[in-house]
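Residue numbers (our numbering), protein chains in the order written: chain A, 5 to 501; chain B, 5 to 501; chain C, 5 to 501; chain D, 5 to 501.
Yeah, the Cβ is synthetic: ideal placement off N, Cα and C, and Gly gets one too.
Here the structure comes first, spelled out in structure tokens, and everything after it is commentary.
Protein chains: 4
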Amino acid sequence: MIKHYSITNEAKFSFSNNALFCIGTGRMGLALHKAYQDQLKYVQDYIHFSHIRGHGLFSDDMAIYQEYKDEIGNTIAEYNFTYLDMVMDSYLELRIRPFLELGFMPEKLASGDQTVFYWKGNVTPPKTYEGWTSLVQATLRHLMERYGKDEVVNWPIEVWNEPNLSAFWKDADKQEYFKLYELTAKAIKDVDKRFKVGGPAICGVDDVNWVKDFINFCHESFAPIDFITRHAYGTEEPERIGHYGYQELREPEDLLRELQITRDIVDSYEEYRGMDIHITEFNTSYIPNCPLHDQNVNAAYIARLLSTLGDCNASYSYWTFGDIFEENGVPFTPFHGGFGLVANGMIPKPTFWTFAFFKDLQGKCVHRSEEAVIVQAQDGSYRGIVWNLVKNTEPDRNIELNFTLPMSKECCLLVKTVDEKCCNPLKVWHDIGEPAYPTSAQNELFRASAMPAVSTERVVVDKENITITINLSKNALAYFEVFPVDQKSDRGYVYSK
Amino acid sequence: MIKHYSITNEAKFSFSNNALFCIGTGRMGLALHKAYQDQLKYVQDYIHFSHIRGHGLFSDDMAIYQEYKDEIGNTIAEYNFTYLDMVMDSYLELRIRPFLELGFMPEKLASGDQTVFYWKGNVTPPKTYEGWTSLVQATLRHLMERYGKDEVVNWPIEVWNEPNLSAFWKDADKQEYFKLYELTAKAIKDVDKRFKVGGPAICGVDDVNWVKDFINFCHESFAPIDFITRHAYGTEEPERIGHYGYQELREPEDLLRELQITRDIVDSYEEYRGMDIHITEFNTSYIPNCPLHDQNVNAAYIARLLSTLGDCNASYSYWTFGDIFEENGVPFTPFHGGFGLVANGMIPKPTFWTFAFFKDLQGKCVHRSEEAVIVQAQDGSYRGIVWNLVKNTEPDRNIELNFTLPMSKECCLLVKTVDEKCCNPLKVWHDIGEPAYPTSAQNELFRASAMPAVSTERVVVDKENITITINLSKNALAYFEVFPVDQKSDRGYVYSK
Amino acid sequence: MIKHYSITNEAKFSFSNNALFCIGTGRMGLALHKAYQDQLKYVQDYIHFSHIRGHGLFSDDMAIYQEYKDEIGNTIAEYNFTYLDMVMDSYLELRIRPFLELGFMPEKLASGDQTVFYWKGNVTPPKTYEGWTSLVQATLRHLMERYGKDEVVNWPIEVWNEPNLSAFWKDADKQEYFKLYELTAKAIKDVDKRFKVGGPAICGVDDVNWVKDFINFCHESFAPIDFITRHAYGTEEPERIGHYGYQELREPEDLLRELQITRDIVDSYEEYRGMDIHITEFNTSYIPNCPLHDQNVNAAYIARLLSTLGDCNASYSYWTFGDIFEENGVPFTPFHGGFGLVANGMIPKPTFWTFAFFKDLQGKCVHRSEEAVIVQAQDGSYRGIVWNLVKNTEPDRNIELNFTLPMSKECCLLVKTVDEKCCNPLKVWHDIGEPAYPTSAQNELFRASAMPAVSTERVVVDKENITITINLSKNALAYFEVFPVDQKSDRGYVYSK
Amino acid sequence: MIKHYSITNEAKFSFSNNALFCIGTGRMGLALHKAYQDQLKYVQDYIHFSHIRGHGLFSDDMAIYQEYKDEIGNTIAEYNFTYLDMVMDSYLELRIRPFLELGFMPEKLASGDQTVFYWKGNVTPPKTYEGWTSLVQATLRHLMERYGKDEVVNWPIEVWNEPNLSAFWKDADKQEYFKLYELTAKAIKDVDKRFKVGGPAICGVDDVNWVKDFINFCHESFAPIDFITRHAYGTEEPERIGHYGYQELREPEDLLRELQITRDIVDSYEEYRGMDIHITEFNTSYIPNCPLHDQNVNAAYIARLLSTLGDCNASYSYWTFGDIFEENGVPFTPFHGGFGLVANGMIPKPTFWTFAFFKDLQGKCVHRSEEAVIVQAQDGSYRGIVWNLVKNTEPDRNIELNFTLPMSKECCLLVKTVDEKCCNPLKVWHDIGEPAYPTSAQNELFRASAMPAVSTERVVVDKENITITINLSKNALAYFEVFPVDQKSDRGYVYSK
């Protein structure tokens, strides 16, 4: 398949690149782990996200909420911020700020014993709301004392996670959530009015009703609300085999349509019109053991989403940066369909490069289509990302994209390609026998096979235009730059191949 | 061009892999530089050479030899080992030992003022031989005190550099060199008999006569001699333009024949038969500004040599590991035809991979030809290096090599390819405009384009044999491994592309 | 108080320095933590222990033991070594080997639900012993495959922890432990006869009977036994206040006498005479919240023990290297009476230096007393450690120790002092207000105040003897060296104060 | 000697702390050295200077200025910025900016062959001024292209070094210097008017006349001038023995008076009144082999100067940060009286701490005297530096300083002491025998003995005042802080010594 596009100076395209505002992470207690920190450092060195959001701030492995009995037998709360400080210190050292998710319930503060995940996050309402709001306030005040008020008030705060699922919030009790939300939001504003707080952090199940009712509740109760949050995933129900779940991709347009509805509901209220919506989780599959996550098709699918999600959302947080993650238990193998951009062993997966490429996509949009987005930077150079998304259910195809771009000087075309042949560590891992416990030499091999192929060539100018061609095999993702070249060879130097 | 080879268990091939015994370096004073140390660390991390040899141990920037006048006006020598210790400390920290080259002459100890190179190494005999031998002995005694006698006596010692050229030894005075050699060798053995000492460190000019006369001199004078040293380069006279020199490659066989003659002369003396010959310098071109060094053809040519040089030589020291080098002055650009395996900016050149690949070639040789050498490791796997050497004067060609190897289990073929398309940082540097002073982002791009392409595939066994095919474009170099695979998939895991 | 000692060449003293054979650690799952690894690296860089022993290898946070149901409903065990490899990789990278303690029981393999500690280690026997021995064997076989058989068979193995306490082993059931021991030891030897295995890992409660019965059991049942293990602590029962426990020190001699009895029991069996005894845990207090651990008196007390424990024990493992430790929950403050040699914030406590000093005590013992041990190294220099142990119940005192040592050349005396004034980070932390969450600047201050004071002076020789004086304030610990000086001043250099 | 001072809230003191604006360095070519960069990193990590100034930007080891002959025999200049970029990249990575000193003369551009120093800086005027200004402009333009215009125009530029000495400028030819200054300053402003340029960079010889004449020249010629530069040293003529020079300290007041005269001359011109004066070099001794530099007295003397120099100078650049320095040749020993704050082997000298202490002296000055300067920080705490300067020619003395400070809350007094007993690596080096080539263990010992002694104590409030006492032995330097303490002990925690 060959497609031709002509870019002209009159072209009118818009593109909002919020891809690096936030990234997801496994539960906060795992942020104490060395492997977690090493992977996060790797991600930050290459990509540099601004915020990080994950579960379990108040879960018991963080050890924040404690109780004891005083001499006369009263139960007294006390707070332990030893581990919280370790986590926050390490985040800030890596130049990433928390997007705080308030949850789950400390066991001693919980009204029940229902838990979620292998790591047993308690998902019941607090036994007393006063205990809960005191915990929230004490935590925020501690953070402000340690990191500075002016810094901490800029950390967005989200109340709970997916209360629309009974797995995450007892009975998916909507009124109970609204109560939690209102009391929590007010408690936060009591600490400092400048904090930004939002909800309802729902996923796609019964989402329309939840968003409507939540907005309406805020509207009527005057509960403070600074932004709306929700999640979005791109797959259907999984088929489970052994440790794994296999899923089909949804059409990207389906997912985008779902989000547009949320946008429309919010905008239907005058006082909330244009309010920020943060997609605090998104990915293709929503299970941490879906082989799709490790494949090249995932990279292309996410590129498709990143080209569009900024149209109506302030951020969209890929779930997650790395594979130190225990929701289903500890993975048995390095490639196991985990959410991470980086596999254990410090191996960037194809989707890692989707984000690394979008990092460099800054400038005026000159083209956007279903397989490409191109901007022109201030210095006149072009930067584009292109992909060839081929879902399992579709026939294989290669595509060739031709772009004619206005340009008056001799240029260089730089292309970085991520495809199933040149940048596919999963295949290498499979080909050498799917070792569960790779040696360090094997990990080095995986890393060597996980780097984009880089190529350059000089491009001829024809009538103040240049034409470039990008070949994309099945599920390929590519980044390109076209920039003017002003060669000044050293005295006597003659380049020859 | 397609070539077929069948490997059988009866095959008789020999292959001595001494590629990592020694590596060359610019003058020792440059070892004080941070960029030098960074490049050496990079080389050691990937390749790990055992020894390092370069000029200028006694040149004035090392500041070892000093003189002062005492109260009654006598000139007294004193020695300063401050910089020597810095250099040796850093070498040993990088797990590399010096192959000591004694030279050049400290200005204050010199009999004349003739110098060589931009950095002005004095190449005249000592004003007194007693001053010289005292300097040598004091230096060795200091090293033994600091690093331990048993360690230092294992550092090989070579007397001077290329005395057969008048540029390196005043008038190329053979008798004066023999005197220098004899007195120095005896002085060394006086310090400790266990030291190994050798010469005459000549290059290819009038080499037959020099080797004959030197061996004869040792034979007759009973001068101590533990090994023979000489140099070997693979190019003709250069044509000079501006900062550069352009050269044609010699036939590898020419160079190998030259070295065989040296071997034959040495072996013609009963007492010296089989004595170690160390090629203390070799490369394609012998000038530090020959663009050839940066090209892929260099990698293929050196592979050809490394497959054979061990037949009659104990070591062969590629000249040099890095491009911090000043013989012709300071380079104006990162790619400038320097000798280094690594270009400034920490960019591995194609030839870097030749050595990285030979590092892994350990085992029983099962095949050796003009474009390949293959060994079988103890675990039954095969490891090979193949190349497609196409000199400028020859027509372009691709070759396809088919090897049929005995093997009874399912296998994986791993190939790492270095060719003009996939691993050619010189081309990328040219394509983006030959920047003399690359930014750190440009250097990152060069490094990304300097990595071998890695691929794996499963290989089918047919009648206890497998057949693998390696495609080599012009001047390509490739490393491959064929190893048995015993796949144990995790419960439920189904690999799919 | 002043004490004089004359050392003569005829002096007969013995001293076995096994202080660095093993060090304790919190549960193995904490070895995944970054702060744990950072502290262990700090300890290894300064002290370098050979082995490390801690609880929780099989506890659920290590995630090794898993079960699933197959199609026909049978429960099948499967093993997950992902985290085990991370821990072992990191240990070996820090050049420390595990002293494997087999325990506690994975929840799914347990026969009951009794747990110990905040982190809930299950202390019940296995539901089936076959399940247990399969787990042990699978784990050892995995380790051998990853790290090499010849390496892993040298890792000592201890069966369970303190089965003589009902808190650690259900009902402190002696016969059940013997069964566990026998089956486990045999299962280990089935994997490889070269493994060394031992028990009963008891503490001081009813220890005489337990040791006797255990030895007797092995004697009669022919259960394999390569070494005996037990624990030793130097404090009485604690008084508890809030998060803390306060204890009095026992006389060191009491503790040593207790260990001598164990030695005597073992030696009373001909086949076990002289068998290695490993004290797999020792410290002053046995609770992780005893302020004693952070004080200077602890350093002096441990020095006293290290001077003697090697007399009848192959090793004695200080419990523990660092303060990432959760037995009583997560500590609320950096100084909290934790076991660690290093406090959170990377602050070496006084006892850290006890081990750092014993590291350098290699040579022939020339003096040992209740406050000193001195050796002469091969080069003739002396190295000593001295202390002034003043328990809370004793009157304060300073002591001055004079040693007259045979020496014929001018000497230098080097002293490193750790006392309550010069090396007492606990006091600095207290003086600045006992901050629970120190800033990085405060941690830097604590570290600066946690370094020994270093002093040197020239010592005069009088009749082939020198006399040195070491002043020790209350609970001071000092290391000294006396070594010959051969001053060679640089030309013209005149030292002046 | 005891001195009492009462601080009141009404006290009027001024203190300008410009101690960290600039630091000196050996010639720029040495900035390529690893040891140089390691030392600079150490200094920046602790102290963090803003600018760095040294000689030799245009000297031949930087290799910037080159010439060649074209086809018709004309000599053409070309510039090589390879090494300059390495140096500037490394400076900026260490967050330090150059204070550019333009000099010395490249050999090929020089009008004569007179040189200065062991490293042979050419000190003659250019053979053509056009060649010189082209070199200056090309260099600045290159820097602007690489590091950004807006960045580089903030790098101050000084023309030449000490032209009032014939050693540094042929014949100390004043008119020739004025010509150089004027043409250079104009050439700089031609590149970008925003550059700040200054001179005459003189030392104390005939300084009054030089300053007057220079100012007058600028006044009359309208030569651009943005600041005045000069040097200041605190010692008399040296007595030379072997490799060393021994000197007596001048009274600090002498030196300060000298600088006041310069200030007065500048201020006597209306258009120059209040113009910045940069002391681009200062120290006690002006020779790089004066043992004084390594002693504690140097630290006290420099503290005395830093307390006052900001009164009339915009900066004062200590000469130099480290001991990688070759003006007199390469040092034979680690302690050799070099200028550096850090001795080779990464050993901070006492004067290192003078700067580390002044770094923290920010706030409102509440006391300044001949032995102390104290500020009150915004949070109400006090920070002071005190010293006890005892020159060789004076009798020994200890002093005790008592300060009564207004304060209403319980306080902690923190003191960091640097004196001849507790922080004197020179003495330790001497005591162990003055080793010329220390082992790494010896260097570790020197570093351990080069750290300030840290102590804390609680201070009692009496009538809203506290009184603190600082004891200073001979040549001691101390930093103290007095800050309020608000102790919140953990539940149950009872601090005991």
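Within its chain, find whatever has a CB closer than 7 Å to the CB of residue i; leave out the 5 residues flanking it on each side and keep chain order.
{"i": "tyrosine 46 (chain D)", "result": "Val346, Met350"}
{"i": "leucine 253 (chain D)", "result": "Gly238, Thr239, Thr288, Tyr305, Lys395"}
{"i": "serine 225 (chain C)", "result": "Glu186"}
Can you list, in chain order, the residues of its chain with a C-beta nearer than 8 Å to that of residue i? Leave out the 5 residues immediately preceding and following it.
{"i": "alanine 205 (chain B)", "result": "Glu105, Glu162, Val163, Trp164, Asn165, Glu166, Pro167, Thr233, Arg234, His235, Thr284"}
{"i": "valine 464 (chain B)", "result": "Glu414, Ile470"}
{"i": "cysteine 316 (chain C)", "result": "Leu263, Gln264, Arg267, Ile281"}
{"i": "cysteine 427 (chain B)", "result": "Asn300, Pro354, Trp357, Thr421, Ser453, Ala454, Met455, Pro456, Ala457"}
With DSSP as the reference, label residue i as helix, strand or coil.
{"i": "glycine 33 (chain B)", "result": "helix"}
{"i": "threonine 314 (chain C)", "result": "In the sequence as displayed, the identity of residue 314 (chain C) is glycine instead of threonine. Here glycine 314 (chain C) sits in helix by DSSP."}
{"i": "isoleucine 229 (chain A)", "result": "coil"}
{"i": "cysteine 564 (chain C)", "result": "Residue 564 (chain C) is absent from the structure shown; chain C starts at 5 and stops at 501."}
{"i": "methionine 455 (chain A)", "result": "coil"}
{"i": "leucine 106 (chain A)", "result": "strand"}
I want to see whether chain C comes within less than 7 Å of residue i, judged by CB atoms only; does it?
{"i": "histidine 52 (chain D)", "result": "no"}
{"i": "asparagine 84 (chain A)", "result": "yes"}
With 16 other CB atoms within 10 Å as the buried threshold, where does residue i fall?
{"i": "glutamine 264 (chain A)", "result": "exposed"}
{"i": "glycine 116 (chain B)", "result": "exposed"}
{"i": "glutamate 387 (chain C)", "result": "Rather than glutamate, the amino acid found at residue 387 (chain C) in this sequence is arginine. Under this definition arginine 387 (chain C) is a buried residue."}
{"i": "leucine 96 (chain D)", "result": "exposed"}
{"i": "histidine 55 (chain A)", "result": "buried"}
Against chain A, does residue i count as a neighbour if the rule is that its beta carbon must be under 7 Å from one of theirs?
{"i": "phenylalanine 362 (chain B)", "result": "no"}
{"i": "glycine 437 (chain B)", "result": "yes"}
For a cutoff of 7 Å on Cβ pairs, would you count residue i as touching chain B?
{"i": "aspartate 154 (chain D)", "result": "no"}
Does chain D have any CB closer than 7 Å to the CB of residue i?
{"i": "cysteine 415 (chain C)", "result": "no"}
{"i": "alanine 452 (chain C)", "result": "yes"}
{"i": "aspartate 490 (chain C)", "result": "yes"}
Item to check | Where the stretch 395-407 of chain A meets chain C: residues whose CB sits under 8 Å from a CB there | outcome: none
Checklist entry - Given a limit of 7 Å on CB to CB distance, which residues of the stretch 11-45 of chain B reach chain D? => result Leu36, His37, Lys38, Ala39, Gln41
Next on the checklist: Residues of the stretch 245-258 of chain B in Cβ contact with chain A at a cutoff of 8 Å, in chain order, please.
Outcome noted: Against chain A - using a Cβ distance shorter than 8 Å - the residues of the stretch 245-258 of chain B are Ile245, Gly246, His247, Tyr248, Tyr250.
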